[in-house]
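Participant:
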């Protein structure tokens with residue numbers, strides 16, 4: 022088996038996947054460093070992430086959405102099934118500008134759910150399929166390579182394409198939640214102008230991680246297609 026066909030560190034990995042992985046590592050570093058920087062900047066109203074989340078939800082008639090404290094750093098998320106917004110150690114009781122930005126962003130997801138935001142509904146509908154395809158795509162593709170079965174290669178590619186689709190749908194969901202968050206923080210005067218700009222930087226850095234993840238998956242998908250086509254020749 023030549024290097025061109027081998028699924029490992031070959032030219033397709035170096036040219037396509039490795040640069041995307043480096044971008045992804047930079048995005049992770051960027052969000053961590055930006056959040057850390059603005060975690061030291063306290064908001065002038067001295068309200069916590071949990072408090073601003075409660076006020077945002079109540080002002081949009083989402084009093085039935087509970088807020089819980091969850092352990093970890095940047096493990097914040099909104100659970101649409103249980104209608105619970107969970108805020109991490111670094112956000113829940115923090116009065117930093119970064120914490121308010123993250124808390125408002127998660128509220129943005131709760132608002133999307135309440136108002137039937139289409140990309141969010143699409144992502145939720147696709148999740149069960151993607152959960153399976155993300156686990157099965159690579160094993161099927163590798164088996165297809167080992168036993169030289171084009172049908173398995175194609176099936177693995179199709180399953181991985183579903184993962185890419187899911188990540189692409191995630192982008193507008195995250196961007197929209199951030200836009201909602203910044204608008205609410207500014208319009209409701211939770212943050213002043215300089216604090217709003219800082220919160221925007223935190224959310225922009227977080228958005229980069231989703232872009233980098235989607236890019237990595239796209240490059241990986243392209244690599245699978247190239248390897249499959251080379252094997253068929």
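Numbering (my numbering), first residue to last: 22 to 254.
Each residue gets a CB set at the ideal place from its N, CA and C atoms; glycine is no exception.
Restricting to Cα atoms, I'd like to know which of 195, 106 and 107 is closest to residue 140.
Facilitator: To locate residue 140, count along the chain shown from 1; it is residue 119. Here the closest residue by C-alpha is 195.
Participant: Return the residue from the list 198, 48, 83 and 117 that minimises the CA-CA distance to residue 215.
Facilitator: Here residue 215 is taken as the residue at index 194 of the chain shown, counted from 1. Checked all of 198, 48, 83 and 117; the closest Cα to residue 215 is 117.
Participant: Which residue wins for smallest C-alpha separation from residue 128, given the options 156, 244, 98 and 159?
Facilitator: In the chain shown, residue 128 corresponds to position 107, counting from 1. Taking only the C-alpha atoms, the option nearest residue 128 is 98.
Participant: Compute every distance between the C-beta of residue 202 and the non-hydrogen atoms of the ligand MG, then say whether any falls below 7 Å.
Facilitator: Ligands are entirely absent from the displayed structure, and the ligand MG is therefore not among its contents.
Participant: Using alpha carbons as the reference points, say which of 96, 81, 31 and 86 lies closest to residue 103.
Facilitator: Here residue 103 refers to the residue found at position 82 when the chain shown is read from its first residue. The candidate whose alpha carbon is nearest that of residue 103 is 86.
Participant: Could you give the first and the last residue of the continuous beta strand (DSSP E) run that contains residue 95?
Facilitator: Looking up residue 95 in the chain shown gives position 74. That residue, residue 95, is in no beta strand (DSSP E); it is neither H nor E in DSSP.
Participant: Would you decide whether residue 146 is buried or exposed? Buried here means 16 or more other CB atoms lie within 10 Å of its CB.
Facilitator: Here residue 146 corresponds to residue number 125 of the chain shown, with the count starting at 1. Burial call: exposed.
Participant: Could you check what DSSP says for residue 168 in three-state terms: helix, strand or coil?
Facilitator: Counted from its first residue, the chain shown places residue 168 at position 147. Three-state DSSP puts residue 168 in a helix.
Participant: Determine, using beta-carbon pairs with one atom in the segment 175–183 and one in the segment 74–88, whether at least three such pairs fall under 8 Å.
Facilitator: Too few Cβ pairs lie closer than 8 Å, so no.
Participant: With DSSP as the reference, identify every bridge partner of residue 107, one or two as the case may be.
Facilitator: Position 86 of the chain shown, counting from 1, holds the residue named residue 107. Bridge partners of residue 107: 89 and 98.
Participant: For residue 222 and residue 92, what's the separation of their Cα atoms in angstroms?
Facilitator: To locate residue 222, count along the chain shown from 1; it is residue 201. To locate residue 92, count along the chain shown from 1; it is residue 71. Answer to the nearest angstrom: the Cα atoms are 24 Å apart.
Participant: Could you check if residue 40 is buried or exposed, using at least 16 other CB atoms within 10 Å of its CB as the buried criterion?
Facilitator: Residue numbering aside, residue 40 sits at position 19 when the chain shown is read from its first letter. Label assigned to residue 40: exposed.
Participant: Going by alpha carbons, who is nearest to residue 169 out of 248, 51 and 82?
Facilitator: For the purposes of this step, residue 169 is taken as residue 148 along the chain shown, with counting starting at 1. For residue 169, the nearest C-alpha among the options comes from 248.
Participant: Under DSSP, the alpha helix (DSSP H) around residue 217 begins and ends at which residues?
Facilitator: One-based indexing of the chain shown puts residue 217 at position 196. 214–253 is the span of the alpha helix (DSSP H), which, as asked, contains residue 217.
Participant: May I ask which residues mark the beginning and end of the alpha helix (DSSP H) holding residue 49?
Facilitator: Indexing the chain shown from 1 puts residue 49 at position 28. Element bounds for residue 49: 39–59.
Participant: Provide the residue(s) that pair with residue 63 in DSSP beta bridges, ordered along the chain.
Facilitator: Numbered from 1 along the chain shown, position 42 holds the residue referred to as residue 63. In the DSSP output, where bridge partners are listed per residue, residue 63 has 117.
Participant: Can you tell which of 63, 252, 47 and 193 has its C-alpha closest to the C-alpha of residue 172?
Facilitator: Residue mapping note: residue 172 aligns to position 151 of the chain shown, counting from 1. Per the Cα distances, 252.
Participant: Pull up the distance between the alpha-carbon of residue 131 and that of residue 240, whole angstroms please.
Facilitator: As a working mapping, residue 131 is identified with position 110 in the chain shown. As a working mapping, residue 240 is identified with position 219 in the chain shown. Roughly 32 Å between the two C-alpha positions.
Participant: Rounded to the nearest angstrom, what separates residue 217 and residue 111 at their Cα positions?
Facilitator: As a first step, residue 217 is located in the chain shown; it is residue number 196 there, counting from the start. As a first step, residue 111 is located in the chain shown; it is residue number 90 there, counting from the start. About 19 Å.
Participant: Residue 26 by DSSP, collapsed to three states: which one?
Facilitator: Residue numbering aside, residue 26 sits at position 5 when the chain shown is read from its first letter. With a pLDDT of 43 at residue 26, under the threshold of 50, the predicted position of this residue should be treated as unreliable, though the coordinate-derived value follows. DSSP places residue 26 in coil when its eight states are reduced to three.
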